[in-house]
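Chemist: The following block contains the structure, expressed as structure tokens.
Number of protein chains: 2
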Amino acid sequence: MARLVMKFGGTSVANIERIRNVARHVKREVEAGHQVAVVVSAMSGKTNELVGWCKEASPLYDPAEYDAVVASGEQVTSGLLAVALNEIGIPARSWQGWQVPIRTDDAHGAARILDVDGARLGAALDSGQVAVLAGFQGIHEESGRITTLGRGGSDTSAVAVAAALKAERCDIYTDVDGVYTTDPRVVSKARRLEKVAFEEMLEMASLGAKVLQVRSVELAMVHNVRTFVRSSLIDPDAPEAHVVEKAGTLICDEEEIMASQMESQVVTGIAFAKDEAQISIRGVEDKPGIAASVFIPLADAHINVDMIVQTTSADGFTDITFTLPTADFERAKAVLEKLRETIKFRELQGDTEVTKVSVIGIGMRSHAGVASRAFGALAAKGINIRAITTSEIKVSFLIDSEYTELAVRTLHSLYGLDS
Amino acid sequence: MARLVMKFGGTSVANIERIRNVARHVKREVEAGHQVAVVVSAMSGKTNELVGWCKEASPLYDPAEYDAVVASGEQVTSGLLAVALNEIGIPARSWQGWQVPIRTDDAHGAARILDVDGARLGAALDSGQVAVLAGFQGIHEESGRITTLGRGGSDTSAVAVAAALKAERCDIYTDVDGVYTTDPRVVSKARRLEKVAFEEMLEMASLGAKVLQVRSVELAMVHNVRTFVRSSLIDPDAPEAHVVEKAGTLICDEEEIMASQMESQVVTGIAFAKDEAQISIRGVEDKPGIAASVFIPLADAHINVDMIVQTTSADGFTDITFTLPTADFERAKAVLEKLRETIKFRELQGDTEVTKVSVIGIGMRSHAGVASRAFGALAAKGINIRAITTSEIKVSFLIDSEYTELAVRTLHSLYGLDS
């Protein structure tokens with residue numbers, strides 16, 4: 001009998017009426033013949049309340065106590081969903097992280113899952129019981145203390161549990177009905193994708209962030225957990241709720257996508273990130289080790305640099321341009337100003353009004369010319385490209401922010417993504 | 420180094436400001452040289468909210484899930500108090516029932532403590548750490564599931580932990596400053612008692628119920644845990660907070676009381692219970708087994724009968740009078756009406772406007788005539804005594820409810836309890 005993991009977030013369990021609705025989703029899958037494990041978040045707003053209390057009690061709170069306090073939110077919803085399931089005739093019991101156990105390291109507040117023990121959980125499923133797991137939490141076994149996985153950790157819990165149970169699928173119920181070719185608020189012709197490869201989903205993080213935590217996608221990729229993003233808002237008994245393809249987006253490995261398509265799509269989606277900033281260091285003497293002397297101090301300051309472009313002019317001087325999160329912009333400039341004496345650059349320029357637009361698709365591996373077609377299309381619209389980076393399945397363009405929507409719409413049409 | 424258990428109820432931990440106040444109480448005792456374990460309830464109102472959600476999800480909720488949900492309330496306050504203690508420089512950590520472990524049976528919702536493992540807890544105290552325990556909860560080890568002890572269970576947790584840790588004292592912080600000779604709202608001259616014997620406290624349950632759960636007193640008696648009822652409302656740093664005798668009432672064994680008094684008090688307090696009802700079965704044929712034919716059916720209906728008086732008249736007929744909780748009055752009458760054919764009584768009478776007034780004191784063991792003095796004093800006030808029962812340390816009178824206050828004041832003066 002196939003096993004299924006279903007994950008519901010905070011808005012889906014915000015009150016008893018919604019918890020009852022979740023129970024009906026679970027009932028549908030049980031009646032369809034699945035063994036079901038459900039992973040739940042805390043009621044929406046609850047985690048913030050608990051975190052607020054910790055901070056009020058002490059700005060320098062012990063993260064182990066924070067975990068004990070905050071993990072209580074999922075404990076409540078796991079118990080309540082088990083009650084609601086029993087009420088409609090579906091045998092169920094709640095499982096706290098320490099009961100499974102879901103073993104983690106001791107990085108309280110942002111712990112990493114080491115191992116999910118599937119033995120007792122699997123036996124419960126085999127006995128015909130639905131397992132309702134408190135998401136977001138685990139236990140550090142040496143100390144015997146509760147840990148939490150950090151914000152959005154319930155997605156990660158769900159994928160880890162699915163891997164341990166060798167589940168056929170991990171369904172992530174959310175307030176959108178899947179992953180789109182791009183943001184539908186920017187491009188009205190954006191289409192919901194039926195399938196996305198794990199690698200693509202990681203690159204589409206800026207689109208997918210609201211849908212799925214990046215860490216959970218990494219974990220799904222490593223353990224090959226087919227992860228299905230679907231809407232929690234549809235009627236649990238509606239016909240389309242029964243047909244998986246119509247209900248959401250499946251994140252799976254490349255082979256499964258290839259097998260289902262006669263001819264693979266070259267481009268899967270267009271992502272964009274507006275919270276990028278650009279810094280250029282101009283007129284640096286072009287000698288070996290100059291890049292290291294810029295980027296090592298930035299790394300030491302925990303500033304993540306993304307795109308890097310270096311252009312050398314004939315006069316022996318070079319310009320170094322890179323992007324970074326806008327939040328780190330001022331701090332990075334301060335770090336570089338201190339280096340003016342050692343690096344001896346002519347000018348430090350910066351701009352926060354820039355956007356990174358990315359064209360993503362596993363089909364790009366076998367298709368040349370994807371980037372060059374974009375150059376032409378963007379140029380035709382008068383959009384200047386400040387920098388370009390490419391990976392095997394992605395091309396990113398740094399452009400002026402005011403052209404974001406125009407660029408996204410242009411590329412969306414160019415690669416045949418319009419519905 | 421002497422160990423101390425301190426217990427704080429829901430109003431004492433209702434918000435962060437009050438939790439900080441609790442932390443100051445704990446700090447005072449740590450600085451006085453104690454090793455301290457603290458037991459906390461959930462924030463006031465929180466348990467009711469959680470119970471309400473369970474009932475809303477299903478009127479027939481699984482009590483094991485109820486326990487998982489409801490136990491989260493104490494989890495939150497234990498973590499927050501540990502944070503607040505660390506904030507003021509007192510090393511502390513939270514302990515959930517399953518972490519200690521506090522082992523219970525599997526009577527979910529009203530579990531009984533089987534054993535408190537004092538090993539890890541004791542080691543933590545020896546290392547100089549304050550242990551903050553979530554009250555009201557434990558674990559059923561065979562199933563690995565969370566249990567709760569039933570309403571007011573945190574008092575029981577505190578006493579059980581004190582017994583396991585061989586604590587010098589278990590301090591119960593509450594919204595009154597101790598146990599009084601009688602209800603101060605009825606007798607303005609009521610005095611706070613410095614010491615009460617365990618046996619007396621059990622008999623004074625009707626006075627003490629608001630102060631201390633009966634089960635916790637039984638447990639304290641069995642394990643000889645000196646239990647100190649004191650106010651959570653005083654300033655933690657006030658001079659009287661440091662002097663135990665001035666701050667509350669000590670519940671302890673008889674020997675300790677005897678040792679501290681030159682001449683023992685005969686009567687310790689006057690208790691009264693207004694929620695009693697009386698039923699009389701008149702004109703029953705006086706033959707062997709007649710009492711059994713009345714009381715066995717009542718016991719089968721789970722009706723607890725308290726005082727029983729049987730009076731036989733010369734004509735071979737008997738009257739049976741007994742008291743019971745007012746809540747069971749109508750049900751008991753219905754049970755007895757069904758027996759009219761078999762028991763063949765002449766008349767079934769009942770009255771809910773009755774009160775049981777009790778005179779309590781371990782000194783009564785060695786002093787005769789306590790009851791007879793009361794007869795005279797009550798008669799002088801025109802108070803009719805409907806029934807009397809006595810035990811080694813108690814005399815109870817059943818009277819008309821309208822005379823309650825007069826009777827209590829009369830007895831309070833009679834036995835020299837007025838301040």
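Heads up: the protein sequence lines correspond to chains A and B, in order. Residue numbering for the first sequence follows this note's numbering, beginning at 1 and increasing consecutively. Residue numbering for the second sequence follows this note's numbering, beginning at 420 and increasing consecutively. Positions of the beta carbon are idealized from the N, C-alpha and C atoms, including for glycine.
Kindly indicate the opening and closing residues of the alpha helix (DSSP H) around Met258 (chain A).
Modeler: 254-260 is the span of the alpha helix (DSSP H), which, as asked, contains Met258 (chain A).
Chemist: Do His559 (chain B) and Asp524 (chain B) have their CB atoms nearer than 8 Å?
Modeler: Yes, Cβ-Cβ distance for His559 (chain B) and Asp524 (chain B) is below 8 Å.
Chemist: Quick check on Pro184 (chain A): does DSSP put it in helix, strand or coil?
Modeler: Pro184 (chain A): coil per DSSP, three-state reduction.
Chemist: If you draw a straight line from the alpha carbon of Thr740 (chain B) to that of Thr771 (chain B), how long is it in whole angstroms?
Modeler: Cα to Cα, Thr740 (chain B) sits roughly 13 Å from Thr771 (chain B).
Chemist: Under a three-way DSSP split, which group does Asp300 (chain A) fall into?
Modeler: In the structure shown, Asp300 (chain A) sits in a helix (DSSP, three-state: H, G or I).
Chemist: Taking the runs of the beta strand (DSSP E) that are 3 residues or longer, which of them lie wholly in the stretch 24-58 of chain A?
Modeler: List check, beta strand (DSSP E) in window: 35-40.
Chemist: For Leu479 (chain B), is the classification buried or exposed, using 16 other Cβ atoms within 10 angstroms of its Cβ as the cut-off for buried?
Modeler: It counts as exposed.
Chemist: In chain B, which residues lie less than 8 Å from Cys252 (chain A) when you measure between Cβ atoms?
Modeler: What Cys252 (chain A) touches in chain B: nothing, since even the nearest Cβ is about 34 Å away.
Chemist: Using a C-beta cutoff of 8 Å, does Gln99 (chain A) count as contacting chain B?
Modeler: For Gln99 (chain A), the answer is yes, since a Cβ of chain B falls inside 8 Å of its Cβ.
Chemist: How would you list, in chain order, the residues of chain B whose beta-carbon sits under 7 Å from the beta-carbon of Ser58 (chain A)?
Modeler: The contacting residues are Val502, Ala503, Asn505, Glu506.
Chemist: Could you name the residues of the same chain whose beta carbon sits closer than 6 Å to that of Gly118 (chain A), not counting the 5 residues immediately before and after it, in chain order?
Modeler: Answer for Gly118 (chain A): Ala164, Leu165, listed in chain order.
Chemist: Please determine, among A:Gly45, A:Phe397, A:Leu193, A:Leu212, the residue with the shortest C-alpha to C-alpha distance to Leu378 (chain A).
Modeler: The shortest C-alpha separation from Leu378 (chain A) is found at A:Phe397.
Chemist: On the DSSP bridge list, what partners appear for Gln768 (chain B)?
Modeler: Gln768 (chain B) pairs with B:Ser699.
Chemist: Could you name the residues of the same chain whose beta carbon sits closer than 7 Å to that of Lys27 (chain A), not counting the 5 residues immediately before and after it, in chain order?
Modeler: Closer than 7 Å at the Cβ level, and outside the excluded window around Lys27 (chain A), lie Ile88, Ile90.
Chemist: Which residues in chain B have a C-beta closer than 8 Å to the C-beta of Ala180 (chain A)? List them in chain order.
Modeler: For the record, residue 180 (chain A) in the displayed sequence is Tyr; it is not Ala. In chain order: nothing, as chain B lies at least about 35 Å away.
Chemist: Measure the CB-CB distance between Thr148 (chain A) and Asp67 (chain A) and report whether it falls below 8 Å.
Modeler: For Thr148 (chain A) and Asp67 (chain A), yes; Cβs fall inside 8 Å.
Chemist: Measure the CB-CB distance between Ser573 (chain B) and Val458 (chain B) and report whether it falls below 8 Å.
Modeler: Yes.
Chemist: Kindly indicate which three-state DSSP category Lys426 (chain B) falls into: helix, strand or coil?
Modeler: Residue state, collapsed to three classes: strand.
Chemist: Looking at chain B, is there any beta carbon in it that lies within less than 8 Å of the beta carbon of Gln75 (chain A)?
Modeler: Taking Cβ atoms only, chain B reaches closer than 8 Å to Gln75 (chain A), which makes this a yes.
Chemist: Would DSSP call Ser810 (chain B) helix, strand or coil?
Modeler: Reduced to three states, the DSSP call for Ser810 (chain B) is strand.
Chemist: According to the neighbour-count rule (16 or more other Cβ atoms, all chains shown, within 10 Å of its Cβ), is Asp590 (chain B) buried or exposed?
Modeler: Burial call: buried.
Chemist: Am I right that Val598 (chain B) and Thr668 (chain B) are in contact with their C-beta atoms under 8 Å? What's the rounded C-beta distance?
Modeler: Indeed, because the Cβ distance is near 4 Å, the residues count as touching under 8 Å.
Chemist: Using three-state DSSP, classify Gln137 (chain A) as helix, strand or coil.
Modeler: Three-state result, Gln137 (chain A): strand.
Chemist: Leaving aside the five residues before and after Met204 (chain A) along the sequence, list all residues of the same chain whose C-beta is less than 6 Å from its C-beta, in chain order.
Modeler: Within the same chain, Met204 (chain A) has close Cβ partners Gly269, Ala271, Ile360.
Chemist: Relative to the C-alpha of Thr390 (chain A), which candidate in A:Phe375, A:Leu406, A:Ala371 has its C-alpha closest?
Modeler: It is A:Ala371.
Chemist: Using a Cβ-Cβ cutoff of 9 Å, what residues of the stretch 387-415 of chain A are near chain B? List them in chain order.
Modeler: Taking 9 Å as the Cβ-Cβ cut-off against chain B, none of the residues of the stretch 387-415 of chain A qualify.
Chemist: Less than 6 Å between C-beta atoms, sequence neighbours within five positions excluded: which residues of the same chain meet that for Val488 (chain B)?
Modeler: For Val488 (chain B), where only same-chain residues beyond five positions count, the Cβ hits under 6 Å are Leu469, Cys473.
Chemist: Could you tell me if Asn803 (chain B) is buried or exposed, where buried requires 16 or more neighbouring beta carbons within 10 angstroms of its beta carbon?
Modeler: With fewer than 16 other Cβ atoms within 10 Å, it is exposed.
Chemist: Name, please, each residue of chain B whose Cβ falls closer than 9 Å to the Cβ of Ala123 (chain A).
Modeler: Those do not exist, as Ala123 (chain A) stays about 13 Å from chain B at its closest Cβ, beyond 9 Å.
Chemist: Is there at least one Cβ from chain A nearer than 8 Å to Glu560 (chain B)'s Cβ?
Modeler: No, Glu560 (chain B) does not count as interfacial toward chain A.
Chemist: Taking the alpha carbon of Asn723 (chain B) as the reference point, which residue from B:Val432, B:Ile762, B:Met640, B:Arg750 has its own alpha carbon closest?
Modeler: Answer by Cα proximity: B:Arg750.
Chemist: On the premise that Gly138 (chain A) lies in contact with Ala111 (chain A), defined as a C-beta separation below 8 Å, what is that separation, rounded to the nearest angstrom?
Modeler: Ala111 (chain A) to Gly138 (chain A), Cβ: 6 Å. Contact.
Chemist: Among B:Lys763, B:Asn434, B:Val549, which has the Cα closest to the Cα of Phe736 (chain B)?
Modeler: It is B:Lys763.
Chemist: Let me confirm a value: Glu484 (chain B) is counted as buried when at least 16 other C-beta atoms fall within 10 Å, else exposed. Which label applies?
Modeler: With 16 or more other Cβ atoms within 10 Å, it is buried.
Chemist: Under DSSP, the beta strand (DSSP E) around Lys381 (chain A) begins and ends at which residues?
Modeler: Neither: Lys381 (chain A) is in no beta strand (DSSP E) and is coded neither H nor E.
Chemist: May I have the straight-line CA-CA distance separating Gln697 (chain B) from Val713 (chain B), to the nearest angstrom?
Modeler: Answer to the nearest angstrom: the Cα atoms are 14 Å apart.
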